[in-house]
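Protein chains: 2
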Amino acid sequence: MASVFPLADLKASVKSDSRPGSRTDSWVDTIIKGDCVSALEALPSHSVDIIFADPPYNLQLGGTLHRPDQSLVDAVDDEWDQFASFEAYDAFTRAWLLACRRVLKPTGSIWVIGSYHNIFRVGATLQDLNFWILNDIIWRKTNPMPNFKGRRFQNAHETMIWASPSAKAKGYTFNYDALKAANEDVQMRSDWLFPICNGSERLKGEDGKKAHPTQKPEALLARVIMASTKPGDIVLDPFFGSGTTGAVAKRLGRHFVGIEREQDYIDAAAARIAAVEPLGKAELTVMTGKKAEVRVAFNVLVESGLIKPGQVLTDAKRRYSAIVRADGTVASGGEAGSIHRLGAKVQGLDACNGWTFWHFEDGQSLRPIDDLRSVIRSDLAKAE
Amino acid sequence: MASVFPLADLKASVKSDSRPGSRTDSWVDTIIKGDCVSALEALPSHSVDIIFADPPYNLQLGGTLHRPDQSLVDAVDDEWDQFASFEAYDAFTRAWLLACRRVLKPTGSIWVIGSYHNIFRVGATLQDLNFWILNDIIWRKTNPMPNFKGRRFQNAHETMIWASPSAKAKGYTFNYDALKAANEDVQMRSDWLFPICNGSERLKGEDGKKAHPTQKPEALLARVIMASTKPGDIVLDPFFGSGTTGAVAKRLGRHFVGIEREQDYIDAAAARIAAVEPLGKAELTVMTGKKAEVRVAFNVLVESGLIKPGQVLTDAKRRYSAIVRADGTVASGGEAGSIHRLGAKVQGLDACNGWTFWHFEDGQSLRPIDDLRSVIRSDLAKAE
DNA sequence: CGAATGATTGAATCGCCCT
DNA sequence: AAGGGCGATTCAATCATTC
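Given below as structure tokens:
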């Protein structure tokens, strides 16, 4: 059974920060010491918003290998042994992913990072467990380790899988508009370029050696968290290690939960996170697009007098026209309906966004009726 | 049982070319018509040098997809890409990979290309069958299809796995020095940049429509073949399709064997290959890929810490100011957006280059944020 | 004839809310 | 739970057409 590691200083520093939603649950903003699966089983169901997992990939690290029937594996180049070790890794993967799924909200999503040693097994297991892959993301390293022997290509990337808990779970957070605005106004691609973690960001022990062998760069976690969470969300990392996930989550106004077995890593991560200063609310505001705007129905424009019954609307090229009726529908050549239905109908399409399709005369020029909706919206905003 | 498709013209053109090693085997430089596994079983053991496989991806598409302009996306919904379940796909994968392994020389290697829909299953099956993964290679597309609904990252890459037939098989060909020399004297990385196959390279039917839905670019195959084969080697492609593998192999002085079920694809591939002129010995230099423009988005500055959330930017004359947010957008007086959009908005213009418009405080002076981009660029340039 | 503009297209697991 | 209405959503490159 896992025990909650209290981290009094950490909690204190967390409680005083600006993160929305006061979290009084004892396990939030803590590092839980213990085995990944049993620690996960001690958490409530459907309680975290995203999971970022950086699982181990080499099961043959020292020690002897046992088959599932407990017999000792005596030769590593035996075909059956290879198979057995993959099976063991798959069983491990299955166990922690199942435990993660129970803890994850239906509106949540999971990220797993790995290399070619393990990511194919992880991906296949995710699919077997009916997780629904949203993207695979390539972290391209600016400064990867060279291939010393010159027998292969330089291994210059790692792979992340982003998945929702099921094919039907479409409520996951994806801050599409913010990512696009931040990316030169084009949508963010599946290949990301970041340096590996080194220099002052890299945690060092007292001996000056790196504190953790696979510390991930904070910039990578920042993009993951900014892309797929909202401020105040809870980010779980079942393989916490040096605590990059927690440090970035705290800085970005998200809550974290870490699970880690080794006390040395817990100590390093706790000290690291305690030193993080969370950002303020204004800095953490996420840009949203039209999808997040309040709905304004077309008849509101008619009722408010911005559009008058009897007024004629046309498309931008004046190929089609329609007359506005007092009930907020529009009519054209015997057909009538919503601005969307009629727009679709006159063009012979299945669908149409009437707000951008229909235009009204404004002096010499034509302007989309969407402009008038913005007027309504800014009025509504002022009334708040 | 598969039947060898003779292709007399093709053989003739092949025999007259400059490829070393006269191949008199009837199956060399032909397209075999038939099911992949039975055709493979008809070939001699340990007879081919590399295999390039582009298996069905098992896309699981929902309904139809429309672009924002309401045009229909021509999806890959062919019968050959439909599988009843993951189990069925795994069984299929296992069968053709086992058949491939028998045909592959111990000194050979295999390449498999796929997307997140299938590549994890392929990779896990390769490992289960004791293939030894040498690299996973990312094909970054310069011009991928966008994500039309804004619900995910743009799917901008595909993944290739390169593997030898066993962990002990170290005799595979890897032209390390040639690749390095062709890559400005640095090691070739695991992420490659190529455009998708388009324009005149794309095979069209008599109706002007694409002859094959998933034709791969020749440049991609050229790098694969130049990296992992020697002149005169035999390249097998068990999912021949439009014959890109054969065309590139012939052009590069390698022999090919294709397996394909559909006569239409065979006809198109045969005509295509017959028209290929093999290169002379001196011309067989390694193809270099497209050099990426080093494109740095504003969020990279924020993620890397060069610009901090909360920091204030102004124009050169301090008439306008904006605050940087953690999501990589900037905000000013209720408005928010990309550095470009907001710069335009505050000035009342249609467009604005945010990189030169917005400045940050550097001691006593103001400097354009473009200066910080050059700092990042010199780091990132290493990966391009 | 060249430049500017518009149309087409590519391996795609592509919406959300209310009734 | 299924169905219907609202209304949001695209990047790079190749061709075709117009100026």
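Going down the list, the sequences are from chains A and B. Position one of the first sequence corresponds to residue 1 (the UniProt record's numbering), numbered consecutively onward. Position one of the second sequence corresponds to residue 1 (the UniProt record's numbering), numbered consecutively onward. Glycine included, every Cβ here is placed at the ideal spot set by N, Cα and C. Only a predicted model underlies this, so the values are computations on that prediction, with no experimental measurement involved.
Terminal residues of the continuous alpha helix (DSSP H) containing Asn299/A? Numbered from its first residue, the first sequence carries residue 299/A at position 299. Annotation: the continuous alpha helix (DSSP H) that includes Asn299/A extends over Phe298 to Ser304.
Once you ignore the five residues that flank Pro144/B on each side, which residues in its own chain have a CB closer than 8 Å to its CB? Residue numbering aside, residue 144/B sits at position 144 when the second sequence is read from its first letter. The residues are Gln154, Asn155, Ala156, His157 and Ile196.
Along chain A, in chain order, which residues have C-beta atoms closer than 8 Å to that of Leu380/B? Position 380 of the second sequence holds residue 380/B. Result: Thr142 and Leu193.
Closest by C-alpha distance to Asp35/B, when choosing among Trp96/B, Ala381/B and Gly354/B: In the second sequence, the residue the question calls residue 35/B occupies position 35. Of the candidates Trp96/B, Ala381/B and Gly354/B, Trp96/B places its Cα closest to the Cα of Asp35/B.
What's the gap between the Cα of Ala124/B and the Cα of Thr107/B? By 1-based counting over the second sequence, the position of residue 124/B is 124. By 1-based counting over the second sequence, the position of residue 107/B is 107. Taking the straight line from one Cα to the other gives about 22 Å.
Quick check: the Cα distance between Val4/B and Ala42/B, rounded to an integer number of angstroms? Residue 4/B sits at position 4 when you count from the first residue of the second sequence. Residue 42/B sits at position 42 when you count from the first residue of the second sequence. Caution is warranted here: a pLDDT of 47 is assigned to Val4/B, below 50, making its placement in the model unreliable, and the coordinate value is therefore given only provisionally. Distance between the alpha carbons of Val4/B and Ala42/B is about 9 Å.
Mark Phe131/A as exposed unless 16 or more other C-beta atoms lie within 10 angstroms of its C-beta, in which case mark it buried. The sequence position of residue 131/A within the first sequence is 131, counting from 1. Residue environment: Phe131/A is assigned as buried (16 or more neighbouring CB atoms within 10 Å of its CB, all protein chains considered).
Span separating the alpha-carbon of Asp69/B from that of Asn353/A: Position 69 of the second sequence, counting from 1, holds the residue named residue 69/B. Position 353 of the first sequence, counting from 1, holds the residue named residue 353/A. Each residue's Cα considered, the two are about 10 Å apart.
Based on Cα-Cα distance, which residue from Trp358/B, Ala84/B and Arg67/B lies nearest to Gly150/B? In the second sequence, residue 150/B corresponds to position 150, counting from 1. Per the Cα distances, Arg67/B.
Contact check, Gly246/A vs Ala269/A under 8 Å by CB: the rounded distance? On the first sequence, residue 246/A is found 246 positions in, with the first residue counted as 1. On the first sequence, residue 269/A is found 269 positions in, with the first residue counted as 1. Contact annotation, Gly246/A with Ala269/A: C-beta distance approximately 6 Å; criterion of less than 8 Å satisfied.
Looking at residue 393/A: is its Cβ nearer than 7 Å to the Cβ of Val286/A? The first residue shown for chain A is 1 and the last is 384, placing residue 393/A beyond what the model contains.
Where does Trp192/B fall in DSSP's three states? Reading the second sequence from its first residue, position 192 is the one you call residue 192/B. Reduced to three states, the DSSP call for Trp192/B is strand.
Is any beta-carbon of chain B found at less than 7 Å from that of His46/A? Within the first sequence, residue 46/A is the residue found at index 46, counting from 1. His46/A is outside the set of residues whose beta carbon lies under 7 Å from a beta carbon in chain B.
Three-state class that DSSP yields for Trp111/B in the structure shown: Counted from its first residue, the second sequence places residue 111/B at position 111. In this structure, Trp111/B counts as strand in the three-state DSSP scheme.
Using 8 Å as the threshold, is the segment 260-268 of chain A in touch with the segment 278-296 of chain A, meaning 3 or more CB pairs across them? At 8 Å Cβ cutoff, the stretches do not touch.
Let me check understanding here. Comparing Cα to Cα, which of Tyr176/A, Gly199/A, Gly258/A and Ile133/A lies closest to Met226/A? By 1-based counting over the first sequence, the position of residue 226/A is 226. Closest option to Met226/A, Cα to Cα, is Tyr176/A.
For Asn147/A, which residues in chain B fall below 8 Å Cβ to Cβ? Mapped onto the first sequence, residue 147/A falls at position 147. Per Cβ cutoff of 8 Å: Gln187.
Thinking C-alpha only, which one of Ala275/A, Tyr89/A and Ile376/A is nearest Val300/A? Locating residue 300/A in the first sequence gives position 300, counting from the first residue. Among Ala275/A, Tyr89/A and Ile376/A, the Cα nearest to that of Val300/A is on Ile376/A.
Among the candidates Tyr57/A, Asp29/A and Ser164/A, whose CA atom is the shortest distance from the CA of Tyr116/A? Mapped onto the first sequence, residue 116/A falls at position 116. Put simply, of Tyr57/A, Asp29/A and Ser164/A the residue whose alpha carbon is nearest the alpha carbon of Tyr116/A is Tyr57/A.
Cut-off 7 Å between Cβ atoms - residues of its own chain near Ala344/A, not counting five sequence neighbours on either side: Within the first sequence, the letter at position 344 stands for residue 344/A. So the qualifying residues of the chain are Asp350, Ala351 and Cys352.
Which residues in chain B sit within 7 Å of Leu349/A, going by Cβ to Cβ distance? Translated into the one-based positions of the first sequence, residue 349/A becomes position 349. Contact annotation for Leu349/A against chain B: Gln70 [CB-CB distance below 7 Å, chain order].
CA nearest to the CA of Val112/A, picked from Ser164/A, Lys105/A, Glu293/A and Pro146/A: Against the first sequence, residue 112/A aligns to sequence position 112. Taking only the C-alpha atoms, the option nearest Val112/A is Ser164/A.
Span of the beta strand (DSSP E) around Glu361/A: Here residue 361/A is taken as the residue at index 361 of the first sequence, counted from 1. Residues His359 to Asp362.
Within 7 Å (strictly less), CB to CB, does Arg152/B reach chain A? Taking the second sequence and counting its residues from 1, one reaches residue 152/B at position 152. Yes - at least one Cβ of chain A is within 7 Å of the one on Arg152/B.
Please look up how many angstroms separate the CB atoms of Gly114/B and Thr64/B, rounded, as I've assumed it's under 8 Å. As a working note, residue 114/B is residue 114 in the second sequence. As a working note, residue 64/B is residue 64 in the second sequence. Here Gly114/B is actually not in contact with Thr64/B; their C-beta atoms are around 24 Å apart, not less than 8 Å.
Would you mind working out which of Leu366/A, Leu236/A, Gln187/A and Ala222/A sits nearest Arg251/A, comparing C-alpha positions? Taking the first sequence and counting its residues from 1, one reaches residue 251/A at position 251. Out of Leu366/A, Leu236/A, Gln187/A and Ala222/A, Ala222/A has the C-alpha closest to the C-alpha of Arg251/A.
Under 6 Å Cβ to Cβ from Ser321/A, same chain only, skipping five residues before and after it: list those, please. In the first sequence, the residue the question calls residue 321/A occupies position 321. Counting only Cβ-Cβ distances below 6 Å, and skipping sequence neighbours, we find Val312 and Thr314.
Gln82/B - partner residues in DSSP beta bridges: Sequence index remark: in the second sequence, residue 82/B carries index 82 (1-based). Gln82/B pairs with nothing; no bridge assigned.
Through-space distance from Leu40/A to Glu201/B, alpha-carbon basis: The count along the second sequence starts at 1 and reaches residue 201/B at position 201. The count along the first sequence starts at 1 and reaches residue 40/A at position 40. Roughly 53 Å between the two C-alpha positions.
What are the uninterrupted segments assigned as alpha helix (DSSP H) that are 4 or more residues long and contained completely in the segment 116-186 of chain B, given in chain order? Every alpha helix (DSSP H) stretch that sits fully inside the segment 116-186 of chain B and reaches 4 residues is listed by chain position as 119-128 and 176-182.
Would a check of beta-carbon distances place Ile133/A closer than 7 Å to chain B? Here residue 133/A corresponds to residue number 133 of the first sequence, with the count starting at 1. Yes, Ile133/A counts as interfacial toward chain B.
Segments of 3+ residues assigned as beta strand (DSSP E) that fall wholly inside the segment 226-302 of chain A: Within the segment 226-302 of chain A, the complete beta strand (DSSP E) runs of at least 3 residues are 234-237 and 255-260.
Between which two residues does the beta strand (DSSP E) holding Glu335/A run? As a first step, residue 335/A must be located in the first sequence, where it is residue number 335. Residues Glu335 to Gly337.
Does the CB of Gly62/A have a neighbour CB from chain B at under 7 Å? Residue mapping note: residue 62/A aligns to position 62 of the first sequence, counting from 1. Annotation note: pLDDT 41 at Gly62/A (below 50); position unreliable, coordinate value reported separately. No, Gly62/A lies away from the interface with chain B (no Cβ there is under 7 Å from its Cβ).
Identify, in the order they occur along the chain, each residue of the same chain with its Cβ nearer than 7 Å to the Cβ of Asp74/A, setting aside the five sequence neighbours on each side. Locating residue 74/A in the first sequence gives position 74, where the first residue counts as 1. The pLDDT assigned to Asp74/A is 46, lower than 50, so where the model puts this residue is not dependable; a value taken from the coordinates is nonetheless given after this. Within the same chain, Asp74/A has no close Cβ partners at all.
Cut-off 7 Å between Cβ atoms - residues of its own chain near Glu335/A, not counting five sequence neighbours on either side: Numbered from its first residue, the first sequence carries residue 335/A at position 335. Listed in chain order, the non-local C-beta contacts of Glu335/A below 7 Å within the same chain comprise Leu342 and Lys345, local neighbours out to five positions each way being set aside.
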